[in-house]
Amino acid sequence: MATEILMPALSPTMEEGKLAKWLVKEGDNVQSGDVIAEIETDKATMEVEAVDEGTLAKILIEEGTEGVKVNTPIAVIAEEGEEVSAEAPSGAPVEAAAPPSATAPVSSPEPAPAAPAVMAAAEPELSPNTESASMTVREALRDAMAEEMRRDGDVFLMGEEVAQYQGAYKVSQGLLDEFGERRVIDTPITEHGFCGIGVGAALGGLKPIVEFMTWNFAMQAIDHIINSAAKTLYMSGGQMGCPIVFRGANGAAARVAAQHSQCYSAWYAHVPGLKVIAPYTASDAKGLLKAAIRDPNPVVFLENEILYGQSFDVPKDDDWVLPIGKAKVAREGSDVTLVSFSRGMAYTLEAAEVLAGEGIEAEVIDLRSLRPLDMPTIIESVKKTNRIVTVEEAWPVCSIGSEICASVARDAFDFLDAPPTQVTGADVPMPYAANLEALALPTAGQVADAARAVCYAK
Amino acid sequence: MTVSEEHAAKTQVGEDIMSIVETAGSNSSVPDFNAEQERHAYREMLLIRRFEEKAGQLYGMGFIGGFCHLYIGQEAVVTGMQMAIKKGDQLITTYRDHGHMLSAGMDPKGVMAELTGRASGYSHGKGGSMHMFSVEANFYGGHGIVGASTPLGSGLAFANKYRGNDNVCLSYFGDGSANQGQVYEAFNMAKLWSLPVIYIIENNKYAMGTSIDRSSSTTDLSQRGVSFDIPGEQVDGMDVRAVKAAGDKAVARAREGKGPYILEMLTYRYRGHSMSDPAKYRTKEEVQKMRSEHDPIEQVRARLLDKGLADEDELKLIDKEVRAIVSEAAEYAQNAPEPEASELYTDILKES
Ligand SMILES: Cc1ncc(C[n+]2csc(CCOP(=O)(O)OP(=O)(O)O)c2C)c(N)n1
Ligand SMILES: [Mg+2]
Chain A
1 MATEILMPAL SPTMEEGKLA KWLVKEGDNV QSGDVIAEIE TDKATMEVEA
51 VDEGTLAKIL IEEGTEGVKV NTPIAVIAEE GEEVSAEAPS GAPVEAAAPP
101 SATAPVSSPE PAPAAPAVMA AAEPELSPNT ESASMTVREA LRDAMAEEMR
151 RDGDVFLMGE EVAQYQGAYK VSQGLLDEFG ERRVIDTPIT EHGFCGIGVG
201 AALGGLKPIV EFMTWNFAMQ AIDHIINSAA KTLYMSGGQM GCPIVFRGAN
251 GAAARVAAQH SQCYSAWYAH VPGLKVIAPY TASDAKGLLK AAIRDPNPVV
301 FLENEILYGQ SFDVPKDDDW VLPIGKAKVA REGSDVTLVS FSRGMAYTLE
351 AAEVLAGEGI EAEVIDLRSL RPLDMPTIIE SVKKTNRIVT VEEAWPVCSI
401 GSEICASVAR DAFDFLDAPP TQVTGADVPM PYAANLEALA LPTAGQVADA
451 ARAVCYAK
Chain B
459 MTVSEEHAAK TQVGEDIMSI VETAGSNSSV PDFNAEQERH AYREMLLIRR
509 FEEKAGQLYG MGFIGGFCHL YIGQEAVVTG MQMAIKKGDQ LITTYRDHGH
559 MLSAGMDPKG VMAELTGRAS GYSHGKGGSM HMFSVEANFY GGHGIVGAST
609 PLGSGLAFAN KYRGNDNVCL SYFGDGSANQ GQVYEAFNMA KLWSLPVIYI
659 IENNKYAMGT SIDRSSSTTD LSQRGVSFDI PGEQVDGMDV RAVKAAGDKA
709 VARAREGKGP YILEMLTYRY RGHSMSDPAK YRTKEEVQKM RSEHDPIEQV
759 RARLLDKGLA DEDELKLIDK EVRAIVSEAA EYAQNAPEPE ASELYTDILK
809 ES
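So the sequences go chain by chain: A and B.
Just so we're aligned: the first sequence equals residues 1 to 458 in this note's numbering.
Just so we're aligned: the second sequence equals residues 459 to 810 in this note's numbering.
Below you can see the structure in the form of C-alpha cells.
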C-alpha cells in the first residue's frame with residue numbers, strides 16, 4: 001500500500017514551513033529513520049526522517065517551496081515492487097487526517113464545567129460527658145501524631161532534629177522513645193531532598209509526616225510539595241495518590257527577622273491538589289492534625305511558634321478528628337464579621353472584647369482551614385452583620401484576606417454596608433529592631449479600628 | 459560557521475563517547491545472551507523504536523502536542539534493566555519516559571492515547587507525554603522536573619525498606635539531571651539509610667543543547683557517588699547484554715540490603731532533545747557514527763543472524779508483529795475520544 005508523507009509540524013506552534021531540500025530522489029529506497037528532507041520552520045531548519053520504508057515513488061512538493069501547510073502530502077512511499085498510480089494526491093492539505101484543530105476541544109464550543117462546591121463534614125458531636133484537659137498546642141500536636149502512629153503503622157515522622165533532639169521546638173517530644181528510629185527519623189539538613197524522599201514514600205503508599213523546622217526552609221522543597229505531591233493525582237488521571245502531611249512553624253516568631261518570619265498561607269492556599277490548615281487553638285491543632293494524617297491527600301499544616309506554648313482545653317477523646325475545610329464561629333455577634341486564623345485569632349478575639357465594651361458585637365470566625373476555604377460560613381455571617389474585616393499576619397498583596405474580600409464583594413455584594421477591609425502585616429520584609437517588628441505586625445488596636453471604621457463608629 | 463556550529467565541530471563529543479563506550483564495554487567480557495534473551499531484547503527494543511518513530515510522525519501531524527521527547531537510540535538501557543528486575547520492583551524516570559513504560563509492560567495503546575490526549579490514555583489525557591503513571595506496572599512516572607525523580611525514587615526505596623520487602627527501585631535520570639543539588643541530597647540519605655535504589659544515569663551526552671563537557675566539572679558520572687561512598691560503574695548502554703549484566707549485579711546487591719548503586723549508562727539519543735530541536739549543537743557525523751557503529755538494535759540483529767539464532771524471515775516476522783502493534787496503537791490513539799469536559803475538575807483531591 002502506498003503511504004503519503006505529510007508536511008510535519010516540527011514545533012508546538014508551527015503551521016507552515018518551507019520545504020528547503022530533498023535529500024532523496026524518486027526511485028530511492030528509504031528505511032525508517034533515514035533523513036529524507038530538510039524543512040525550515042518559523043524557528044529552525046529541521047530534518048525529516050522517514051517513518052515507513054519502501055521506495056520513494058513520487059515527490060509532490062518541489063524543494064524550495066515556501067508556505068507549505070502542515071499535513072500537506074509532500075511525497076509518496078510505495079512498498080517494494082508496488083506501482084503508484086499517476087493520480088497521486090495533488091499537494092492540498094489532507095482534511096481527513098484530522099489534525100487536532102479538527103478534533104481538539106479547544107475549538108469546540110463545549111461550556112467549561114463549573115468548579116464543584118466544597119462541602120466539609122460537620123463538626124463531630126461530643127458526648128456531653130466527654131472531659132477536657134488543658135494542654136499546650138505543642139502537646140496537642142505531639143499527641144495527635146502519637147495517636148495516629150499507634151493507630152496506623154504506615155505513619156512515620158521525618159525531619160531535622162525530630163528524633164534524638166525531640167524536635168527543634170520540642171513538638172516531637174517522646175516520639176522516638178515510643179516508636180523507635182524506624183518511624184521517627186532524623187534527616188540531614190537537606191529540605192529539597194528529604195521532602196522528595198517523603199513524597200516518594202507517600203507515592204509508594206506510606207503516610208509520612210514531614211516536619212520542616214520552619215516553613216521558611218521549605219522554600220527549598222516547595223518544588224516537591226507542589227510539583228510532585230499536589231499535582232500527581234491529577235497528572236496520573238486519579239491513579240496515584242500522595243497521602244502526606246507537611247508540617248512546621250509558620251509566620252513570624254519573635255525577633256528572628258526577615259528570613260525566619262514569613263507567613264506562607266497564601267502561597268500554599270493557591271495550589272489545587274493541596275489542603276492547607278492553620279489552626280489557632282490546641283483542640284483544633286489536635287483534631288485537624290489527626291484529620292490531616294488520615295487524609296489521603298497532601299496536606300500543608302501551618303503551625304505557629306508563639307502559639308506552641310499556649311494552653312487551651314482539649315477534649316479527652318482518642319478520636320478527636322475535626323473536618324478539614326470547616327471554619328469555626330469563635331464568638332457570635334451581629335454587628336461586624338471578623339475573620340482570621342492562626343495567631344491572628346489572638347488579636348482578633350482581643351479586639352472583639354474591646355469592641356463589646358463599646359457596644360459593637362463582633363462575630364469572630366476562625367478559618368482553621370485555608371484550603372478548602374469555608375466561604376459559606378463567612379458569607380452566612382456577612383449576610384447577618386453586613387460588614388467584614390479580615391485579619392492576618394501575612395503580607396497584604398494576594399493574601400488570604402484579599403481572596404476573602406474579593407469573594408464577599410462578589411457573592412454578598414448586596415448585603416454589604418461597608419467596603420470589605422483587610423488588616424495585615426506591613427508590606428515589608430520582617431525587620432529585626434523590636435520597635436520596627438511591632439510596627440510590621442497587626443495589633444488588636446488596628447483590628448478594633450478597622451471594625452469601628454466599617455461600623456461607621458468613631 | 460556560526461559560533462555554535464563551530465563549537466559543535468570543535469567539541470566532537472562523538473570521539474569521546476566512542477572511546478568510553480569502547481573501554482566501558484570491552485564487550486568481549488560481556489556475558490552472552492541465549493537465543494531467547496536475544497530475541498526478547500530485539501523485540502522489546504524494536505517496539506520502542508517503532509513506537510517512538512510513530513509518535514514522532516503523529517507529532518508531525520499535530521496529533522501530539524507540547525513537548526515530546528523521544529527515546530530512539532537509548533532502547534538498550536531500559537530493555538536490559540527490565541531484564542534484571544522482578545515483579546514488584548519500581549521504576550521512576552523523567553519526561554523521556556515512553557521507552558520505560560513500554561518495557562514495563564504498559565499497553566502501547568494506553569501510552570499512545572495519552573500522547574494524543576485521550577480519555578483512555580494512562581492519565582486520562584491529563585498528563586501527556588511527560589507525566590504518565592501506572593500503579594499496576596509499578597511505574598511511578600513520568601516527571602517533568604529535572605532531578606525530581608531521584609529523591610522520589612529514593613523515597614520509593616525507603617518505602618520498600620520500611621515495609622521490609624525485598625523490592626528495589628530503579629531511579630532513572632539524565633546526565634543533565636546529574637548536576638542537580640537534590641540528586642546529591644538523595645544520594646546522601648540513600649547511603650546513610652542503605653536504601654534499595656539503583657541510580658541509572660542515562661548519559662546521552664547532552665542536556666538539551668549543552669554537551670556534558672560544557673556542563674559538568676567531572677564527566678565520569680559513575681563516580682558522582684564517591685563522596686557518599688556509593689559505588690558506581692560506567693556501562694556500555696548501547697549493548698543490552700552489558701546493561702543487563704551490570705543491572706543484575708546492582709540489583710542483587712540492593713536486594714541483599716547493601717544499599718544504593720550508580721550505573722552510568724553511556725548512551726546516545728539520535729533525535730533532537732524534543733520534537734522541535736534541530737540539534738545544531740552536534741555534528742551529523744557524530745550522530746551517524748553512533749547510529750552506524752553502535753546501534754543497540756542492529757547489534758542484537760547482527761548477533762542473531764551471525765550466530766544462526768534466527769534467520770531473516772523470523773526477524774521480518776518480528777518486525778511485522780511490532781509494526782502491527784504500533785499501527786494499532788496509533789490508530790486507536792487518533793480515534794479514541796477526548797476526555798469529557800466534566801473531567802476538568804476530577805482527580806484533584808481523593809475523597810477522604
Ligand atoms: C528543574 C528544571 N529545569 C529545567 C528544565 C527544562 N529541561 C527539560 S529537559 C532539560 C535537559 C535535561 O537533560 P538530561 O538530564 O541530560 O536528560 P535528557 O533530556 O538528555 O534525557 C531541561 C533543561 C526542567 N524540565 N526542569
Ligand atoms: Mg542527557
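From the three backbone atoms N, C-alpha and C, an ideal C-beta is built for every residue, glycine too.
Item: DSSP bridge partner residues for A:P73 (one or two, in chain order); Value: A:L6
Item: B:L549 to B:N596 span [Cα, whole Å]; Value: 6 Å
Item: B:I853 burial status per 10 Å Cβ neighbour count (16 or more: buried); Value: With chain B covering 459 to 810 only, the question about residue 853 of chain B has no answer from this structure.
Item: Test item, CB below 6 Å from any non-hydrogen atom of ligand 2; Value: B:G632, B:D633, B:G634, B:N662, B:Y664 and B:A665
Item: Residue(s) in a DSSP beta bridge with A:N304; Value: DSSP, once it has assigned bridges, lists no residue as partnering A:N304.
Item: Chain B contacts from the stretch 194-205 of chain A (Cβ-Cβ distance under 9 Å); Value: F194, C195, G196, I197, G198, V199, G200, A201, A202, L203, G204 and G205
Item: Segment contact flag, the stretch 721-739 of chain B with the stretch 570-578 of chain B, C-beta cutoff 8 Å, min 3 pairs; Value: no
Item: heavy atom of ligand 4 below 7 Å from B:R740 C-beta; Value: With respect to ligand 4, the structure shown offers nothing to examine, as its ligands consist of ligand 1 and ligand 2.
Item: Span of the alpha helix (DSSP H), counted from its first residue to its last, around A:M145; Value: V137 to R151
Item: Simplified DSSP assignment, three categories, for B:H558; Value: helix
Item: For B:T804, the three-state DSSP class (helix, strand or coil); Value: coil
Item: Presumed contact (8 Å Cβ cut-off) between A:L468 and A:V321, rounded CB distance; Value: Chain A is shown only over 1 to 458; residue 468 of chain A falls outside these bounds and no answer can be derived.
Item: Unbroken stretches of the alpha helix (DSSP H), 4 residues or longer, contained in the stretch 479-542 of chain B; Value: 493-518 and 533-540
Item: According to DSSP, residues forming a beta bridge with A:Q422; Value: A:T390
Item: A:T65 beta carbon less than 8 Å from that of A:L23; Value: no
Item: Cβ distance (whole Å) where B:L773 is taken to contact B:R759 below 8 Å; Value: 7 Å
Item: Assigned exposure category for B:D697 - 16 Cβ within 10 Å defines buried; Value: buried
Item: Nearest neighbour of A:A258, chosen from A:F217, A:A292 and A:V30 [CA to CA]; Value: A:F217
Item: Residues that B:Q692 bridges to, as DSSP identifies them; Value: B:E722
Item: Residues that A:V70 contacts on chain B, provided the C-beta gap is smaller than 9 Å; Value: G518, M519 and G520
Item: Inter-residue spacing [alpha-carbon to alpha-carbon] between B:K808 and A:T55; Value: 54 Å
Item: Any alpha helix (DSSP H) of 4 or more consecutive residues that is wholly inside the stretch 611-697 of chain B; Value: 639-650 and 670-673
Item: For A:Q446, three-class secondary structure by DSSP; Value: helix
Item: Buried or exposed (CB count within 10 angstroms, at least 16 for buried), A:K458; Value: exposed
Item: Closer than 8 Å to chain A by CB, B:S810; Value: yes
Item: Contacting residues, own chain, Cβ-Cβ under 6 Å from A:P484 (five flanking each side not counted); Value: An answer regarding residue 484 of chain A cannot be provided, because it is not within the stretch 1 to 458 covered by chain A.
Item: Residue from A:L6, A:G67, A:A426 and A:E47 with nearest C-alpha to B:F521; Value: A:L6
Item: Cβ-heavy atom distance, A:H224 to ligand 1, below 7 Å; Value: no
Item: Beta-carbon proximity list for A:M14, same chain, < 7 Å, skipping 5 on both sides; Value: T41, D42 and V70
Item: Heavy atom of ligand 1 within 7 Å of A:P59 beta-carbon; Value: The question names Pro, but residue 59 of chain A in the sequence shown is Ile. Not so, every heavy atom of ligand 1 lies at least 7 Å from the Cβ.
Item: Contact test: B:E660 Cβ vs ligand 1 heavy atom, cutoff 7 Å; Value: yes
Item: Close beta carbons around A:Y308, own chain, < 6 Å, minus the five adjacent residues each side; Value: V137, R138 and Y169
Item: Min CB distance B:E511 to chain A below 8 Å; Value: yes
Item: Chain A contact residues for B:P736, given Cβ-Cβ distances below 9 Å; Value: L10, T41, K43, A44, T45, M46 and E47
Item: Heavy atom of ligand 1 within 7 Å of B:H556 beta-carbon; Value: no
Item: Under the three-state DSSP convention, the category B:N793 falls into; Value: helix
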